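Worksheet: the structure to be examined is printed underneath.
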Amino acid sequence: LANRQLYTAPDNDELEKKIDQVDQAFAKVKMPREGVLDASTLRTISNLASVRIRAVDEAGSLDRAYDFARKCEKILSKLVGSANEFYEIFGNFHHIAPSCSMMNGRLPTKLFTNEYQEKQKQRAKPVRQQKLTQEELEKSRTRPEEVKEFNSELGEQTIKQIMHIKRCLVERYKAVESSPIDYFEFVIDPKSFAKTVENMFHVSFLIKEGFVNLFQDDVNLPALEPTDKAMNRMASSNSATQGNDSNERANQMIMSITMDEWEQLIEVYNITEAQIPPKNH
Amino acid sequence: MPPKKNSQVATNSQLSINRNNSDDYDDDNDNNHILEDDANCRQMICASIQYILVHNSKSQVIKRLEWINTVLRPMANDGRKYFPTIHKHVVKILNDTFGYKLIFDEKHDGYVLINGLKQGSLEHRPLANSNQYSKYALLMIIIACLKRAGGEMTSIDFWGILGETFSIRNDESTRLTINQNKIFGDVQKLIKNDFVKEGYLIFEQAKDFTGDTPTQTVKLAFRAQHEFPDETLEKFIEKIENYEIESDNDVDDNNAMDEDS
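What follows is the structure, given as C-alpha cells:
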C-alpha cells in the first residue's frame, strides 16, 4: 500500500521496472503454484496501470484533491465563523431546494389526517375489564360435580342387567328353600368367559347397593344371599338389630379370575348350564 | 359521474401527450381545461405538490410508489392510472411557480427536488437553513475533492485527505470517546449516514487488486451530480483557488521586501 502511490503516479516508471522484474522471475517458474502467483501479480500490475491511466486524465488527480482540501482548510481556519461563514460565502454554488420552513400550522390535507388517525389508533388505551361481583366469581369457579345418586353413573342397559340378575338370584334363593347360593356356581357361565366376568361385575353392584349379602359359608367358600331389600320384605321391629346384623353384613372381597381358573372352576363345580340366563330368555 | 370523469381525464391526457412540448400556449390551454373540469384531478395535483414539498425538507429521495400509495390511491379508486397526468402537471407547476426541477432517479425509483433557478449577481445568501451551514460546507468540500479526483476514490485515500486536512478520522464514537470534529461536529454520522441516505455519497465495496481483502470506494451519488453540476463545481473550485487569505498576502509582502533589500 505504501508503494501504491508510487506505482500509480503518472510521472513515475516504477511500474515498468516491476514488470521487468516479474518477467525475469517468470523464467524461473517451474511449479503450478509459482505460475498462479505470477498470474496474480500480473493482474495487480494491470489494475495499477489502469489507475495510472485514469490519473493521467486532466479531470482527476489525487494530488489535486489534496491541494484543494488544504486550501479549504486554510480558508476555514482564517474565517471567524468557520464552517457557517464558509458556506455563506461559497453556498451560492449549491443548487439546493430550500425546505418549506415558511409554512405555519398543519397542512389541511387527507394525507396527514390518515397518518394522524393511524397514530391515534396505535395510542388507543386498553379497555379495562369491569371487576366481577362476588356472585359472578362464585359462578365462574370450576368445581367438581357432586355425585348424589350412584345409579346415575351406570348406563340404562347395565341397570337393567343388574335388576335381571337380582331377580334370578331371588328366584334361585326361593327354589333352594332360602339356603345360601354358592358364588361361583351362580356367576359362572360355562359357555362364555366374558359373560362370567360380566356377571361378577353386576353382582358386585348388587352387593354394594345392599341387595345381596356376601359371606363365607361353612367350607370357607364365598356365598350369596339376597337381603330383605331384594326380597322386598320389611324387617320386624323386635329383631331389628339382629335382623340388621344378619341381613347387612359388611363383607368385602376382591375377586380376580383367569381363563384357566374359570375352566378349572367349571370342572370342579361340574357346571353345565349358566344359572343367570340371558335377559331376553 | 365517475365513469364519465374517468373517460374525460383519459381523453384529455391522451390529447396532452400527443401535443408538442414546444407548443406552450396549447399546453397551457389543455392544462387549464383539465384543472377546471376535473376537480378531483386538481386536488390530487395540489396534494402531490404539498407531499413533495414537505418530504423534500427531510432531504431524502421521494419514492414513486410511496407517492402513489399515500396521495393518489386514497383520493381515487384508480389512483395509479392518474399518475402520468399528475406527474406531468406537478413537474410543470413546480418549475413555473417555484423554479424547482423534479428529477427521477432510476436506481432508487424515486424523485429529487433540485433548485433550477440561476442566482443573479445580487443574490449571495444561500437557500439552506442556517442550522445546516456546517453540514453543507463539509459536503461541498467533499464533493469538490471527489470531482478533482475523477469522481471516485478509495476510502483509504478519502479518509486520508480528510484526516490530513481537517483531522477527520474514520473512528466510530464509543461510550468513552466521542468522535466530534471541532468545525463540523459528528462527522461520522454526517458522512457515513446522512450523506449516504440523502443521496450524495455512495460507499461501494470493491475487490482489492490482490483479490484477498475487499476495499471500499467512495463515489458521487445521484443527488450530488444534480445539485452540483460540473459547471457550478468548476466555478466553486476556481473561487476557492482565487480566494486570498491574509497570511498568504503577508508572506508575499515579506518575500517582496526581502527581494528589494
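Protein sequence lines correspond, in order, to chains L and R. If you use my numbering, the first sequence closes out at 281, no skipped numbers anywhere. If you use my numbering, the second sequence closes out at 542, no skipped numbers anywhere. The C-beta atom is built at its ideal place from N, Cα and C for all residues, glycine as well. These numbers were taken from a predicted model, which means no experiment stands behind them.
Residue range of the alpha helix (DSSP H) that includes residue i
i, result
"MET163 of chain L", "156 to 175"
"TYR381 of chain R", "Premise fails: TYR381 of chain R lies in the beta strand (DSSP E), 381 to 386, not in any alpha helix (DSSP H)."
"ASN523 of chain R", "511 to 523"
"ASN350 of chain R", "Here ASN350 of chain R belongs to no alpha helix (DSSP H), and DSSP marks it neither H nor E."
"GLU185 of chain L", "183 to 187"
"GLU85 of chain L", "83 to 90"
"PRO365 of chain R", "364 to 374"
"ILE422 of chain R", "414 to 429"
"VAL268 of chain L", "259 to 269"
"ARG361 of chain R", "Note, ARG361 of chain R: premise wrong, no alpha helix (DSSP H); not H, not E."
"ALA97 of chain L", "Neither: ALA97 of chain L is in no alpha helix (DSSP H) and is coded neither H nor E."
C-beta neighbour in chain R for residue i, strict 7 Å
i, result
"ALA97 of chain L", "yes"
"GLU73 of chain L", "yes"
"LEU62 of chain L", "yes"
"ARG70 of chain L", "yes"
"ALA65 of chain L", "yes"
"PHE93 of chain L", "yes"
"ILE19 of chain L", "no"
Enclosing beta strand (DSSP E) for residue i [first to last residue]
i, result
"PRO277 of chain L", "Careful: PRO277 of chain L lies outside any beta strand (DSSP E) and carries neither H nor E."
"GLY441 of chain R", "GLY441 of chain R -> not in any beta strand (DSSP E); alpha helix (DSSP H) instead, spanning 436 to 447."
"GLN331 of chain R", "From DSSP, GLN331 of chain R is part of no beta strand (DSSP E) but of the alpha helix (DSSP H) over 320 to 337."
"ILE395 of chain R", "391 to 396"
"GLU225 of chain L", "222 to 226"
"PHE215 of chain L", "212 to 216"
C-beta neighbour in chain L for residue i, strict 7 Å
i, result
"ASP319 of chain R", "no"
"ASP511 of chain R", "no"
"SER436 of chain R", "no"
"GLU479 of chain R", "no"
"ASN358 of chain R", "no"
"ASN523 of chain R", "no"
"THR446 of chain R", "yes"
"ALA430 of chain R", "yes"
"GLU485 of chain R", "no"
"ILE349 of chain R", "no"
"GLU508 of chain R", "yes"
"ILE464 of chain R", "yes"
"ASN451 of chain R", "no"
"CYS322 of chain R", "no"
"ASN474 of chain R", "no"
"SER303 of chain R", "Reliability fails at SER303 of chain R, whose pLDDT of 41 lies under 50, so the model's placement of it is uncertain and the value that follows must be treated cautiously. Output row for SER303 of chain R: interface = no."
"PHE517 of chain R", "yes"
"ILE343 of chain R", "no"
"ILE422 of chain R", "yes"
"ILE442 of chain R", "yes"
Residues near residue i in its chain [Cβ-Cβ closer than 8 Å; skip 5 each side]
i, result
"ALA357 of chain R", "ASN321, MET325, TYR363"
"GLY35 of chain L", "VAL29"
"MET253 of chain L", "LEU214, PRO222"
"ASP438 of chain R", "ALA430"
"GLU433 of chain R", "LEU427, THR498, VAL499, LYS500, LEU501"
"LEU514 of chain R", "ILE424, ALA425, LYS428"
Spatial neighbours of residue i in its chain, beta-carbon cut-off 7 Å, leaving aside the 5 residues before and after
i, result
"PHE184 of chain L", "LEU265, TYR269"
"LYS170 of chain L", "The identity of residue 170 of chain L in the sequence shown is Val, whereas the question assumes Lys. If we look at VAL170 of chain L and ignore the five residues flanking it on each side, its Cβ neighbours are PRO226, ALA230, MET231."
"ASN251 of chain L", "LEU214, PHE215"
"PHE211 of chain L", "LYS166, PRO226, THR227, LYS229, ALA230"
"SER178 of chain L", "none"
"ASN12 of chain L", "LEU6"
"PHE385 of chain R", "TYR392"
Cutoff 7 Å: residue i Cβ touching any chain C Cβ
i, result
"LEU394 of chain R", "The chain labelled as chain C is not found among the protein chains of the depicted structure, namely L and R."
Closer than 6 Å: residue i CB and nearest the ligand HEM heavy atom
i, result
"ILE343 of chain R", "Looking for the ligand HEM in the displayed structure turns up nothing, as the structure carries no ligands at all."
Cutoff 6 Å; reference residue i; Cβ partners in own chain excluding five residues on either side
i, result
"GLU135 of chain L", "none"
"HIS202 of chain L", "GLN161, ILE162, ILE165"
Interface positions of the segment 361 to 377 of chain R facing chain L (Cβ-Cβ less than 7 Å), listed along the chain:
Residues: none.
Determine which residues of the segment 405 to 419 of chain R have a Cβ less than 8 Å from any Cβ of chain L, and write them out in chain order.
Of all residues in the segment 405 to 419 of chain R, the ones placed with a Cβ closer than 8 Å to any Cβ belonging to chain L are HIS405, ARG406, PRO407, LEU408, ALA409, ASN410, SER411, TYR414, SER415, TYR417, ALA418, LEU419, in chain order.
Would you check if there are 3 or more beta carbon pairs closer than 8 Å linking the segment 359 to 379 of chain R to the segment 328 to 337 of chain R?
Yes: at least three Cβ pairs fall under 8 Å.
Touch check for the segment 220 to 227 of chain L and the segment 171 to 184 of chain L: three-plus C-beta pairs under 8 Å?
Yes, since at least three Cβ pairs between the segment 220 to 227 of chain L and the segment 171 to 184 of chain L fall closer than 8 Å, the two stretches touch.
Contact residues within the segment 75 to 88 of chain L, judged by C-beta distance below 7 Å to chain R
Residues of the segment 75 to 88 of chain L whose Cβ lies closer than 7 Å to any Cβ of chain R, in chain order: ILE75, LEU76, LYS78, SER82, ALA83, ASN84, PHE86, TYR87, GLU88.
Touch check for the segment 471 to 482 of chain R and the segment 340 to 347 of chain R: three-plus C-beta pairs under 8 Å?
Three or more Cβ pairs drawn from the segment 471 to 482 of chain R and the segment 340 to 347 of chain R lie within less than 8 Å of each other, which places the two stretches in contact.
Measuring CB atoms only, is the segment 415 to 434 of chain R touching the segment 509 to 517 of chain R, in the sense that at least three cross pairs come out at less than 8 Å?
In the pairwise beta carbon analysis, the segment 415 to 434 of chain R is classified as touching the segment 509 to 517 of chain R: at least three pairs are separated by under 8 Å.
Should the segment 359 to 373 of chain R be called in touch with the segment 412 to 424 of chain R, which here means at least 3 C-beta pairs below 8 Å?
Taking 8 Å as the limit for Cβ pairs, the verdict is that the segment 412 to 424 of chain R does not touch the segment 359 to 373 of chain R.
Chain L contacts from the segment 324 to 338 of chain R (Cβ-Cβ distance under 7 Å)
Under the 7 Å Cβ criterion, the segment 324 to 338 of chain R contributes ALA328, GLN331, TYR332, LEU334, VAL335, ASN337, SER338.
Measuring CB atoms only, is the segment 459 to 473 of chain R touching the segment 433 to 451 of chain R, in the sense that at least three cross pairs come out at less than 8 Å?
Segments in contact, yes.
Residues of the segment 23 to 35 of chain L whose Cβ lies closer than 9 Å to any Cβ of chain R, in chain order:
The residues in question: there are none.
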